[in-house]
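Here's the structure, in structure tokens; my notes come after.
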Amino acid sequence: MKIGIIGAGNIGGNLTRRLTALGHDVSVANSRGPQTLTALAEETGATPVTVGEAARGAEVVVVTVPLKAVPDLPSGLLDGAADGVAVIDTGNYYPQQRDGRIAAIEDGGLTESRWTSQQIGHPVVKAFNGTYAQDILDRHRPAGDPDRMALPVAGDDDAAKRVVRDLVDALGFDTVDAGGIDESWRQQPGTPVYGLQKGLDAVTEALAEASEERPADFRG
Ligand SMILES: NC(=O)c1ccc[n+]([C@@H]2O[C@H](COP(=O)([O-])OP(=O)(O)OC[C@H]3O[C@@H](n4cnc5c(N)ncnc54)[C@H](OP(=O)(O)O)[C@@H]3O)[C@@H](O)[C@H]2O)c1
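Each residue of the sequence shown is one higher than the one before, counting from 8 in the numbering used here.
Rendered as structure tokens:
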């Protein structure tokens with residue numbers, strides 16, 4: 008598949024590594040420009056591009072920048088993407104440490120991914136947000152392995168969610184359907200599933216145990 012990755016940090020870099028290893032055609036962008044991504048490109052075979060070029064022809068786009076940077080992404084970010092492009096949002100809201108207060112999330116009651124989808128003007132599928140970046144490299148396992156981790160995946164568009172779940176499976180992780188984007192508070196920071204390194208049953212249970220109330224550590 009042709010995959011565009013916007014953000015080349017902990018998560019974007021490791022997804023670039025694993026998705027190229029699986030044979031996908033990956034373009035990757037950061038804020039400083041493609042000339043700063045030559046080492047990652049040499050290591051992985053990915054194509055460094057500008058943010059505006061990242062989605063061009065892509066069947067999957069991954070938005071993996073700090074939440075506070077989402078409003079800075081160029082408008083028309085997904086113009087030129089393939090029809091039906093699945094957009095993965097890995098984002099988390101860290102008001103105290105990184106992102107500052109976002110009123111639409113805290114007062115408006117939006118889930119973090121609903122806010123991001125409104126900012127970029129496209130539905131998103133929430134995945135990898137509670138996964139340690141290093142686990143993407145180290146903890147993938149073949150299907151059926153007793154130690155295989157499961158990751159929650161939330162989204163409103165069933166076709167896009169299917170594409171993402173299949174991709175996560177190919178990357179070496181089971182998935183649990185975590186419902187729609189308005190329910191994706193179940194996998195936000197501070198919930199039982201966030202950072203959980205367990206299999207299908209434990210992840211399903213953790214999603215069910217989540218409380219919609221935002222924990223104090225994650226309020227601005
Ligand atoms: N770290 C983890 O283990 C982890 C796990 C799950 C989810 N997440 C979430 O995933 C998101 C990304 O986290 P991360 O740890 O990968 O972040 P990170 O290491 O800080 O990397 C952020 C990347 O986003 C790029 N970026 C920033 N502003 C941009 C802009 N306006 N346009 C284009 N690119 C921009 C940065 O480019 P420059 O370097 O050029 O500025 C950098 O490549 C966050 O919401 C985070 O909470 C992180």
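Glycine is no exception: its CB is placed at the ideal position from the N, C-alpha and C atoms.
Item, Value
"Just to be sure I understand the criterion: a residue counts if its Cβ is closer than 7 Å to at least one heavy atom of ligand 1. Which residues meet that?", "I13, G14, A15, G16, N17, I18, G19, A36, N37, S38, R39, T43, V58, T71, V72, P73, L74, A76, D79, L80, T97, G98, N99, Y101, F135, N136, G137, T138, Y139 and A140"
"Where does K205 sit, in a helix, a strand or coil, going by DSSP?", "coil"
"Looking at C-beta atoms only, is the number of pairs between the segment 146 to 158 and the segment 198 to 216 that lie closer than 8 Å three or more?", "yes"
"Please report the residue range of the alpha helix (DSSP H) in which S124 lies.", "E119 to I127"
"If I'm right that V131 touches T123 with Cβ under 8 Å, what's the distance once you round it to whole angstroms?", "6 Å"
"In this structure, how does DSSP classify V72 when only helix, strand and coil are distinguished?", "coil"
"Is the beta carbon of I10 closer than 7 Å to that of V67?", "yes"
"Who pairs with T182 in a beta bridge, going by DSSP?", "L158"
"Express the C-alpha separation of G91 and G116 in angstroms, rounding to a whole number.", "28 Å"
"What residue range is occupied by the uninterrupted alpha helix (DSSP H) comprising V171?", "D165 to A177"
"In the DSSP output, which residue or residues are listed as bridge partners for V77?", "V77 is not bridged to any residue."
"Any contact of the segment 8 to 22 with the segment 66 to 84, i.e. 3+ C-beta pairs under 8 Å?", "yes"
"Starting from the Cα of T57, find the closest Cα among G187, A150 and G40 and give me that residue.", "G40"
"What are the start and end residues of the alpha helix (DSSP H) that includes I143?", "A140 to D145"
"To the nearest angstrom, how far is it from the Cα of A150 to the Cα of G179?", "7 Å"
"Within the same chain, show all residues whose beta-carbon is closer than 8 Å to that of I188, passing over the 5 residues directly before and after it, in chain order.", "T118, S120, R121, S124, P130, V131, K133, A161, G162 and D163"
"How far does the beta strand (DSSP E) with A36 in it reach, from first residue to last?", "D32 to A36"
"What residue does the alpha helix (DSSP H) around G151 start on, and which one ends it?", "Per DSSP, G151 belongs to no alpha helix (DSSP H) and is neither H nor E."
"By Cβ distance below 7 Å, which residues in the same chain neighbour T43 in space, the five residues on each side in sequence not counted?", "N37"
"Please classify Q194: is it buried, with 16 or more other beta-carbons within 10 angstroms of its beta-carbon, or exposed?", "buried"
"In angstroms, rounded to a whole number, what distance separates the CA positions of D106 and P196?", "13 Å"
"Verify whether the separation of the beta carbon atoms of A177 and L29 is less than 7 Å.", "yes"
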